[in-house]
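*Asks:* Once you've had a glance at the structure underneath, I'll fire off some questions.
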Amino acid sequence: MNDIKLLFNGIKTKLKQNGIDIAELNLEFTADAYADSWWEPNPDEGYIYTYSGKIFLQKSWSEIDARKNIGEFRCLFIDNERALEQDNLFYIIDAHSSDLVTAVTPLLEEGTWKIKNEYLENMNGFGILYIERLFIKPEYRDKGIGKAIFPVICSFLGRGAAAVTVIPTPFDEKGKTKLDKNDPSYAKKIGGLKNFLSFFGFSLVDKENNVYARPLPL
Numbered sequence: 012m013n014d015i016k017l018l019f020n021g022i023k024t025k026l027k028q029n030g031i032d033i034a035e036l037n038l039e040f041t042a043d044a045y046a047d048s049w050w051e052p053n054p055d056e057g058y059i060y061t062y063s064g065k066i067f068l069q070k071s072w073s074e075i076d077a078r079k080n081i082g083e084f085r086c087l088f089i090d091n092e093r094a095l096e097q098d099n100l101f102y103i104i105d106a107h108s109s110d111l112v113t114a115v116t117p118l119l120e121e122g123t124w125k126i127k128n129e130y131l132e133n134m135n136g137f138g139i140l141y142i143e144r145l146f147i148k149p150e151y152r153d154k155g156i157g158k159a160i161f162p163v164i165c166s167f168l169g170r171g172a173a174a175v176t177v178i179p180t181p182f183d184e185k186g187k188t189k190l191d192k193n194d195p196s197y198a199k200k201i202g203g204l205k206n207f208l209s210f211f212g213f214s215l216v217d218k219e220n221n222v223y224a225r226p227l228p229l
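When the sequence shown is numbered by the numbering used here, its final residue is 229 and no position is left out of the sequence of numbers.
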């Protein structure tokens, strides 16, 4: 986190240049839970936690209309240590989604499914945080908001995680549909996402599937 904090003044400066004080940015998130998870437990229940949230810009705390929803995010936290105790980590993540398998597998030792030692040096934990989605509305991009919010998400939702993993994916302007690689804007957008991850020290860990990861904390 120290390296990121050294860059913090630059992020704050960019926000201010765009008329935004970092104190005006806030997050709200919830953990998804379903009634049938108690009555009819799913294979991943108790080992994978899903967090969905929104990003707000609050220009005035005295006016309700001054609060604007400017983006959203979705993350998955894999309790790797607990899952390994049951000796079924792959089964657990595979039962959740193929994207999760793709995002997490490069961080694990083949055969044992234990997290690689290179991610354990900081002793932050044994879990894995997968940031599935981080979307900022087009009119609020290139203002420093993403760089101000990203470390907060990693810090709060990555507690107990040894690493964070991301598969950078460009969406359309409304954030509803993934862009096809043949879309004229795809190359520029994927390049911007890769530069964003590079700023935070992420490395490409799976070239074929475009998976990026790094140890936590940032």
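Ideal Cβ positions, reconstructed from N, Cα and C, are used throughout, including at glycine.
Apart from the five residues on each side of it in sequence, which residues of its chain come closer than 8 Å, Cβ to Cβ, to VAL177?
*Replies:* The beta carbon of VAL177 sits closer than 8 Å to the beta carbons of ALA114, TYR141, ILE142, LEU208, PHE213, VAL222, TYR223, ALA224 from its chain, once the five residues preceding and following it are set aside; these are given in chain order.
*Asks:* With burial defined as no fewer than 16 other Cβ atoms inside 10 Å of the residue's Cβ, what is the status of PRO226: buried or exposed?
*Replies:* buried
*Asks:* Taking the CB atoms as reference points, tell me whether PRO228 and GLU184 lie closer together than 7 Å.
*Replies:* No; because the gap between Cβ atoms is not below 7 Å, this pair is not in contact.
*Asks:* Compute the Euclidean distance between the alpha carbons of ILE126 and LYS79, then round it to the nearest angstrom.
*Replies:* 39 Å
*Asks:* Give every residue of the same chain whose Cβ lies closer than 8 Å to the Cβ of VAL216, excluding the five residues on either side of it in the sequence, and list them in chain order.
*Replies:* PRO117, LEU118, THR176, VAL222, TYR223, ALA224
*Asks:* Compare the C-alpha of GLU83 against each of LYS23, TYR62, ILE89, PHE167 and name the closest.
*Replies:* TYR62
*Asks:* Assuming LEU204 contacts PRO181 (C-beta within less than 8 Å), just tell me the rounded distance between them.
*Replies:* 7 Å
*Asks:* Alpha carbon to alpha carbon, how far is LYS199 from ALA159? Give it in angstroms, no decimals.
*Replies:* A straight line joining the alpha-carbon of ALA159 with that of LYS199 spans about 22 Å.
*Asks:* Which parts of the segment 99-152 are runs of the alpha helix (DSSP H), unbroken and 4 residues or longer, counting only runs that do not cross its ends?
*Replies:* 100-107, 109-115
*Asks:* Could you tell me the distance, in whole angstroms, from the CA atom of THR24 to the CA atom of GLY30?
*Replies:* 10 Å
*Asks:* What is the rounded straight-line gap between the Cα of LEU111 and the Cα of ILE103?
*Replies:* ILE103 has its alpha-carbon roughly 10 Å from the corresponding atom of LEU111.
*Asks:* Per the DSSP calculation, ALA224 is bridged to which residue(s)?
*Replies:* THR176, SER214
*Asks:* If distances are taken between C-alpha atoms only, which option among ARG152, ASN37, ASN128, GLU129 comes closest to GLY64?
*Replies:* Distance from the Cα of GLY64 is smallest, within the candidate group ARG152, ASN37, ASN128, GLU129, for ASN37.
*Asks:* MET12: buried (16+ other C-beta within 10 angstroms of its C-beta) or exposed?
*Replies:* With a pLDDT of 47 at MET12, under the threshold of 50, the modelled position of that residue is not reliable, and the figure given next carries that caveat. Flag for MET12 reads exposed.
*Asks:* When you compare each of ASP194, ASP153, PRO179, ASN193 to GLU219 by their alpha carbons, which one comes out closest?
*Replies:* PRO179
*Asks:* Would you check if the distance between the CB atom of ILE139 and the CB atom of HIS107 is smaller than 7 Å?
*Replies:* No.
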